[in-house]
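Sequential numbering of the sequence shown, starting at 1, is according to full-length UniProt numbering.
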Amino acid sequence: MNYELLTTENAPVKMWTKGVPVEADARQQLINTAKMPFIFKHIAVMPDVHLGKVPPLVA
1 MNYELLTTEN APVKMWTKGV PVEADARQQL INTAKMPFIF KHIAVMPDVH
51 LGKVPPLVA
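Structure representation (structure tokens):
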């Protein structure tokens with residue numbers, strides 16, 4: 001598997017961040033975002049993820 005899988009209550013979070021540190025606050029935002037009822041299959045996270053004002057940001 002090329003990504004880390006973060007399981008949540010609703011949708012999984014697929015994180016292409018192996019070997020890259022992810023801020024704890026950004027990780028919590030991802031979990032909170034994945035719990036939203038309108039998220040379809042999963043959330044995809046790229047290596048440059050960082051804390052955002054509402055959802056985590058990936059440039």
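Don't be surprised by glycine CBs; every beta carbon is placed ideally from N, CA and C.
Since the structure is predicted, the reported quantities are computational estimates derived from the model, not experimental observations.
Euclidean distance between Cα positions of residue i and residue j
{"i": "A34", "j": "A44", "result": "10 Å"}
{"i": "Y3", "j": "V22", "result": "13 Å"}
{"i": "A26", "j": "N32", "result": "10 Å"}
{"i": "H50", "j": "Q28", "result": "11 Å"}
{"i": "M46", "j": "P37", "result": "22 Å"}
{"i": "K41", "j": "N10", "result": "9 Å"}
{"i": "L6", "j": "K18", "result": "12 Å"}
{"i": "V20", "j": "I39", "result": "25 Å"}
{"i": "M15", "j": "T8", "result": "13 Å"}
Simplified DSSP state of residue i, which is helix, strand or coil
{"i": "L5", "result": "strand"}
{"i": "I31", "result": "helix"}
{"i": "F38", "result": "coil"}
Strand pairing of residue i, partner residues [DSSP]
{"i": "K14", "result": "L5, A44"}
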